[in-house]
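I have placed the structure first, in the form of structure tokens, so that the comments after it can refer back to it.
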Amino acid sequence: MSSGIRVTPEVTHERPAAAQPRLEWRVATVVSVRDETPRARTLVLDVPQWPGHRAGQHVDVRLVAEDGYQSQRSYSIASAPEDASVALTVERIDDAEVSPYLCGVLRPGDGLEVRGPIGGYFVWDIAQGGPLLLVAGGSGIVPLMAMLRHHAHADAAVRARVSVRLLYSARKLEDVIYREELERLAVSPNVKVTLTLTRDAATHWQGYRRRIDRAMLEQESWPASGMSRAFVCGPTPLVESVATLLVELGHDPARVRTERFGPTG
Amino acid sequence: MADTPFIARGFHGRRAPAPSGRLPPGQYETRDFPVLSAGPTPRAPIATWDFTIRDSDEHSVKWSWDELRALPRETPTVDIHCVTKWSKFDTKWEGVSVDVLLDAAHAGGVAEGAFVLGFCDGGYTTNLPLADVTGGKAWVAFGYDGAPLPPEHGGPARLLVPHLYFWKSAKWVRGLQLLARDESGFWEQLGYHDRGDPWHEQRYQGDP
Amino acid sequence: MQTEEMRLDGNAAGGVLREVFARDVTAALATCTGCGAVGPVGALLEYGHGMGMILRCPGCDTAMLRVVRRTGWLHVDASGISLLMIPESTSIS
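As you go down the protein sequences, you meet chains Z, R and Y in turn.
One gets my numbering by counting positions in the first sequence from 1 and adding 15 to each.
One gets my numbering by counting positions in the second sequence from 1 and adding 58 to each.
One gets my numbering by counting positions in the third sequence from 1 and adding 39 to each.
Right under this line is the structure:
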């Protein structure tokens with residue numbers, strides 16, 4: 016398994032910035048919903064004139080009530096750029112304003128106002144090569160899943176040259192989003208998925224049972240000299256702690272990209 | 059090109075269903091106390107903390123933490139209104155009236171001014187008319203809900219001017235600059251109102 | 040709830056930044072007028088929750104970019120950025 020090799024596919028994802036489509040609010044239609052865990056739901060959307068997206072990007076969602084009251088939030092795109100429709104995975108936060116609506120009220124056939132895709136920093140294309148480190152806390156797995164799904168869509172030869180390690184921290188096993196799909200992806204010899212559960216009391220779990228710390232990162236991440244890029248996403252305290260630890264372990268800060276989801280995530 | 063906005067079916071937001079007579083226009087009641095900050099929480103050591111009232115000619119009067127707390131204090135219970143539309147009723151504070159501080163400052167040679175600029179650790183500033191911090195309308199508050207004011211809510215001390223939108227109640231306040239001419243503070247530079255009266259919905263520059 | 044636990048970063052500001060700059064700038068490199076540090080806009084720390092968007096330097100906390108939206112206007116103060124290098128292509132290595 017080679018490391019650090021830059022893969023140049025025949026079709027690039029380069030698009031001159033001047034040709035970036037205008038960012039406008041569009042009314043998408045909810046095609047279907049799928050409960051991933053007790054708290055997380057995937058919304059599959061049909062977005063008119065969707066220009067395509069890159070793994071790691073997000074959309075802004077806007078909800079307007081009849082009296083004009085508005086709320087806006089950002090949600091990472093879970094689907095791969097190669098997929099036909101746009102999928103968002105939303106984790107319901109109790110007593111919040113938007114996620115209970117998206118996870119509980121919104122149903123197939125409803126309209127949902129979205130704007131996107133947004134982002135040019137926290138994005139990954141397989142053309143950038145590997146090895147790739149992905150570190151997720153809670154719903155921070157969503158944009159990283161888009162990256163994994165994009166990797167899975169690539170040509171076998173291309174895929175074989177780009178290795179990926181995912182370290183994913185969740186509260187309990189039942190909170191692990193995309194668990195079966197992650198198990199299937201991990202069958203691939205160059206994809207490794209490691210879970211750590213921070214609040215699971217079940218005795219059958221044989222894996223890590225603590226928050227991500229220096230020792231775990233040292234064990235599960237790539238050596239500093241041989242890593243092309245790391246993406247860290249999830250609650251702000253986790254993201255900042257992991258990013259700091261990766262730099263302490265010798266990784267180039269410019270290769271560690273972060274996306275904070277705020278206090279929960 | 060926003061014509062008629064798309065209305066999300068069944069979306070109401072997390073708002074109290076029945077507005078009461080105590081709510082200014084456009085506001086909703088909250089039972090929480092949301093933390094909204096323009097920057098990281100400063101951690102000024104109490105040993106070197108001071109509060110200053112100064113004019114534009116370098117006349118100033120300062121109080122140390124102990125000196126401030128030795129002044130006569132009050133325990134106002136007030137409603138507060140954030141420009142982001144939440145209002146919270148019956149909040150309980152402890153602090154020193156700005157009238158007391160201004161009287162001492164003028165006795166110490168600080169010139170009067172029609173306007174005030176509050177300045178804070180972390181660089182935050184906010185401007186207000188002098189008339190809005192005098193006559194029992196404003197405090198330098200160091201206690202909230204019976205306990206020392208926590209850092210995320212502005213501790214050790216913040217300005218408290220509850221009859222105006224709450225961004226005027228500057229957190230981590232370190233002093234007041236008295237000015238002859240109004241000077242925009244942090245949010246006012248970006249379009250928020252120089253006075254900020256919630257009962258007239260003075261949210262942005264140009265709101266009457 | 041500490042402010043630092045709630046803060047986001049320049050990624051979350053991406054939508055508003057597209058309105059200001061008409062192109063994605065989260066991958067652009069911004070030089071801080073406070074300390075001279077250079078880094079991607081996506082890595083700046085976001086504050087302001089609800090009142091506006093404040094992007095601060097992760098090194099020295101200088102407010103590098105401030106945006107407030109009100110009816111009919113978008114107020115932008117970029118005085119904390121002394122230089123902004125925006126990549127021409129959207130595919131960055």
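Just so it is clear, CB atoms sit at the ideal spot from N, CA and C, and this is done for glycine as well.
Note that the structure is predicted; figures quoted are calculated from it, not measured.
Here's the rule: buried if 16 or more other CB atoms are within 10 angstroms of the residue's CB, otherwise exposed. What is residue i?
i        : result
Asp190/Z : buried
Ser236/Z : buried
Lys195/R : buried
Asp115/R : exposed
Thr27/Z  : Reliability fails at Thr27/Z, whose pLDDT of 40 lies under 50, so the model's placement of it is uncertain and no value is given.
Leu60/Z  : buried
Asp82/Z  : exposed
Trp257/R : exposed
His219/Z : exposed
Ile104/R : exposed
Ala161/Z : buried
Pro266/R : exposed
Val282/Z : Since the first residue shown for chain Z is 16 and the last is 280, residue 282/Z is missing from the structure and cannot be characterised.
Cys178/R : buried
Ser132/Y : Note that Ser132/Y scores a pLDDT of 36, beneath 50, so its modelled location is shaky; the value from the coordinates is reported in the next line. Classification for Ser132/Y: exposed.
Val42/Z  : exposed
Check whether the Cβ atoms of residue i and residue j sit closer than 8 Å, and answer yes or no.
i        : j        : result
Val141/R : Thr192/R : no
Arg77/Z  : Leu47/Y  : no
Ala166/Z : Val179/Z : Going by the sequence as given, residue 166/Z is His instead of Ala. Yes, Cβ-Cβ distance for His166/Z and Val179/Z is below 8 Å.
Gly204/R : Lys150/R : yes
Ser91/Z  : Val157/Z : yes
Asn50/Y  : Gly91/Y  : no
Gly249/Z : Gly155/Z : yes
Leu218/R : Gly166/R : no
Tyr86/R  : Ser145/R : yes
Met45/Y  : Thr251/Z : yes
Arg253/R : Asp190/R : yes
Ala102/Z : Thr57/Z  : yes
Glu58/Y  : Leu38/Z  : yes
Phe91/R  : Val198/R : no
Ala96/R  : Ile93/Y  : yes
Trp230/R : Pro100/R : yes
Lys120/R : Gly84/R  : no
Leu1/Y   : Ala67/Y  : Residue 1/Y falls outside the range modelled here, since chain Y spans only 40 to 132, and no answer is possible.
Ser243/Z : Gly71/R  : no
Who are the neighbours of residue i on chain Z, taking C-beta pairs under 7 Å?
i       : result
Pro63/R : Val79
Arg57/Y : Leu38, Ile133
Do you know whose CA, among the options, lies nearest residue i's CA?
i        : options                                : result
Leu94/R  : Glu170/R, Phe224/R, Val231/R           : Phe224/R
Ala185/Z : Ser89/Z, Leu159/Z, Thr213/Z            : Thr213/Z
Gln263/R : Pro209/R, Trp230/R, Tyr250/R, Leu175/R : Tyr250/R
Ala102/R : Glu210/R, Phe69/R, Phe147/R            : Glu210/R
Glu85/Y  : Arg95/Y, Val64/Y, Leu68/Y              : Arg95/Y
Leu117/Z : Ser47/Z, Ala172/Z, Gly265/Z            : Ser47/Z
Val168/R : Pro208/R, Pro187/R, Ala238/R           : Ala238/R
Tyr84/Z  : Arg80/R, Val198/R, Arg67/R             : Arg67/R
Gly78/Y  : Asp267/Z, Gly277/Z, Pro278/Z           : Asp267/Z
Gln221/Z : Arg229/Z, Ile227/Z, Leu232/Z, Thr209/Z : Thr209/Z
Glu125/R : Leu159/R, Thr183/R, Asp148/R, Tyr202/R : Leu159/R
Thr104/Z : Arg229/Z, Ala230/Z, Gln72/Z            : Gln72/Z
Gln247/R : Ser118/Y, Ile125/Y, Leu123/Y           : Ser118/Y
Glu106/Z : Arg225/Z, Pro115/Z, Gly126/Z           : Pro115/Z
Ala230/Z : Leu182/Z, Arg272/Z, Gln143/Z, Val42/Z  : Leu182/Z
Ala99/Z  : Val79/Z, Pro63/Z, Ala80/Z, Phe137/Z    : Pro63/Z
Arg174/Z : Gln143/Z, Leu188/Z, Lys187/Z           : Gln143/Z
Residues of chain R with CB under 8 Å from residue i, in chain order?
i        : result
Val107/Y : Trp245, Leu248, Gly249, Tyr250
Tyr116/Z : Ala66, Gly68, Phe69
Glu43/Y  : Pro98, Thr99
Gly126/Z : Phe64, Ala66, Arg67
Val42/Z  : Phe64
Val120/Z : Arg67, Gly68, Phe69
List the residues of chain R whose Cβ lies closer than 9 Å to the Cβ of residue i, in chain order.
i       : result
Gly91/Y : Ala96, Trp245, Leu248, Gly249, Tyr250
Compute the beta-carbon to beta-carbon distance between residue i and residue j, rounded to the nearest angstrom, for a pair I have assumed lies under 8 Å.
i        : j        : result
Trp40/Z  : Glu97/Z  : Incorrect: roughly 25 Å between the Cβ atoms, too far for contact.
Ser89/Z  : Arg164/Z : So it is not a contact: roughly 20 Å between Cβ atoms.
Arg122/Z : Val45/Z  : 7 Å
Leu175/R : Gln235/R : 4 Å
Trp139/Z : Leu147/Z : 7 Å
Ala239/Z : Leu260/Z : At roughly 12 Å, the Cβ-Cβ gap does not stay under 8 Å, so Ala239/Z and Leu260/Z are not in contact.
Can you pull the chain Y neighbours of residue i, defined as C-beta to C-beta under 9 Å?
i        : result
Glu274/Z : Leu47, Asp48, Asn50, Ala51, Gly81
Val219/R : Chain Y residues near Val219/R: none, gap ~16 Å exceeds 9 Å.
Would you mind telling me which residues of chain Z sit closer than 8 Å to residue i, beta carbon to beta carbon, in chain order?
i       : result
Gly54/Y : Leu38, Asp75, Ser89, Arg130, Gly131, Ile133
Arg72/R : Asp110, Ala111, Glu112
Can you pull the chain Y residues whose beta carbon is under 7 Å from the beta carbon of residue i, in chain order?
i        : result
Tyr262/R : Arg109
Identify the contact partners of residue i in chain Y, using a Cβ-Cβ distance below 8 Å as the criterion.
i        : result
Trp225/R : Met90
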